[in-house]
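J.: Take the sequence shown: its letters are residues 36 to 270, numbered as in the numbering used here.
Positions of the beta carbon are idealized from the N, C-alpha and C atoms, including for glycine.
Since the model is a prediction, treat every value here as computed from it, not as a measurement.
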Amino acid sequence: MPTPHNTAKAGDIAETVLLPGDPLRAKFIAENFLQDAVQFNSVRNMFGFTGTYKDKKVSVMGTGMGCASIGIYSYELIHMYGAKNLIRIGSCGAMVPSVKLGDIVMAAGASTDTNFAHQYHLPGTFSAIASYDLLSRAVEAAKANGFPYVVGNVLSSDIFYNDSDERTAWTKMGILAAEMESYALYCNAARAGVNALSIFTVSDSMVTKEEMTPEERQTGFTNMMKVALEVAANV
């Protein structure tokens, strides 16, 4: 059923949905990778499309930035539209020297400085982790294509422009990279009993200070997109 944020009707959205933060990246994927793609949403310019990839029905929809935004879109996709496999494809900032610009990072887990999980009234700290089935398929797809990748824990932060440098504290705990959405996605998926995975391309490095251009961020993440689509085609 339509929501305040999504005008799709029942059946318009596939059970497997790719979730780029940037709605223009959703449009790029629909135009360049999906067959017979049809747009199902443009509310707030948060574009969503459904088509096929290797004869499998797949959707792609933007989610915006931050846990609050992806929290809304992923919740609606799961509970209003029946999504079962949600694959975030986004950018991240490397926090350790071993993770290089252009590498693929697969988030086995997501740590956070947000308070997103307070809603569950848990008597402790929730560890937000990926679906092992999706993660293992993504690893195999990256291996098969010879793409450089790393698997580990990422930081889902509420803060992009941080007034203090907390990187060292997080890297001491093995955090590989920073982004802004995965913790909320993994929480929503866990609570609903569905599958979720976040896959990133390293767009900048907090270590070397290298960074991609906005154009490269929008269209230059094709290795990550191919991995996500291979997962989508086989679940």
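1. Pop quiz: Tyr116 and Ile48 are said to be a contact at Cβ under 8 Å. What is the actual Cβ separation, rounded to whole angstroms?
2. Tell me the rounded alpha-carbon separation between Val229 and Val185.
3. Could you spell out the range, first to last residue, of the beta strand (DSSP E) harbouring Gly125?
4. Straight-line CA distance for Gly83 to Tyr196?
5. Between the stretch 79–99 and the stretch 131–138, do three or more beta carbon pairs fall short of 8 Å?
6. Going by the DSSP bridge assignment, what does Lys91 pair with across the sheet?
7. With a threshold of 7 Å on Cβ separation, who are the neighbours of Ala65 within its own chain once the five nearest residues in sequence on each side are excluded?
8. Going residue by residue through the stretch 181–212, where are the continuous alpha helix (DSSP H) segments of at least 4 residues, counting only ones entirely within it?
9. With burial defined as no fewer than 16 other Cβ atoms inside 10 Å of the residue's Cβ, what is the status of Lys44: buried or exposed?
10. Taking the runs of the alpha helix (DSSP H) that are 4 residues or longer, which of them lie wholly in the stretch 152–182?
11. Would you mind giving the Cβ-Cβ distance between Ala212 and Ala129, rounded to the nearest angstrom? I have them listed as a contact below 8 Å.
12. So, at 8 Å on beta carbons, what are the nonlocal neighbours of Met36 in its own chain, with the 5 sequence-adjacent residues on each side left out?
13. Where does Leu54 fall in DSSP's three states?
14. For Phe161, I'd like the list of residues in its chain whose CB is within less than 6 Å of its CB, leaving aside the five on either flank, ordered along the chain.
T.: By the coordinates alone:
1. In the sequence shown, counting from the first residue as 1, residue 116 sits at position 81. In the sequence shown, counting from the first residue as 1, residue 48 sits at position 13. Distance from Tyr116 to Ile48 at the Cβ level is roughly 4 Å; contact confirmed, criterion being Cβ atoms closer than 8 Å.
2. On the sequence shown, residue 229 is found 194 positions in, with the first residue counted as 1. On the sequence shown, residue 185 is found 150 positions in, with the first residue counted as 1. Computed Cα separation, rounded: 24 Å.
3. Here residue 125 refers to the residue found at position 90 of the sequence shown. 120–129 is the span of the beta strand (DSSP E), which, as asked, contains Gly125.
4. As a working mapping, residue 83 is identified with position 48 in the sequence shown. As a working mapping, residue 196 is identified with position 161 in the sequence shown. Taking the straight line from one Cα to the other gives about 29 Å.
5. By the criterion of at least three beta-carbon pairs nearer than 8 Å, the stretch 79–99 is not in contact with the stretch 131–138.
6. The residue given as residue 91 occupies position 56 in the sequence shown. DSSP output for Lys91 lists Tyr88 as bridge partner(s).
7. Counting from 1 along the sequence shown, the entry for residue 65 is found at position 30. So the qualifying residues of the chain are Ala72, Phe84, Gly86, Val95.
8. Listed in chain order, the complete alpha helix (DSSP H) runs (minimum 4 residues) inside the stretch 181–212 are 202–206.
9. Residue mapping note: residue 44 aligns to position 9 of the sequence shown, counting from 1. Label assigned to Lys44: exposed.
10. Correct list: 167–180.
11. The residue labelled residue 212 in the question sits at position 177 within the sequence shown. The residue labelled residue 129 in the question sits at position 94 within the sequence shown. Their Cβ separation, rounded to whole angstroms, is 5 Å, which keeps Ala212 and Ala129 in contact under 8 Å.
12. Looking up residue 36 in the sequence shown gives position 1. Closer than 8 Å at Cβ, skipping near neighbours: Lys44, Ala45, Met115.
13. In the sequence shown, counting from the first residue as 1, residue 54 sits at position 19. Note: Leu54 maps to strand in three-state DSSP.
14. The count along the sequence shown starts at 1 and reaches residue 161 at position 126. Only Ala152 meet the Cβ criterion.
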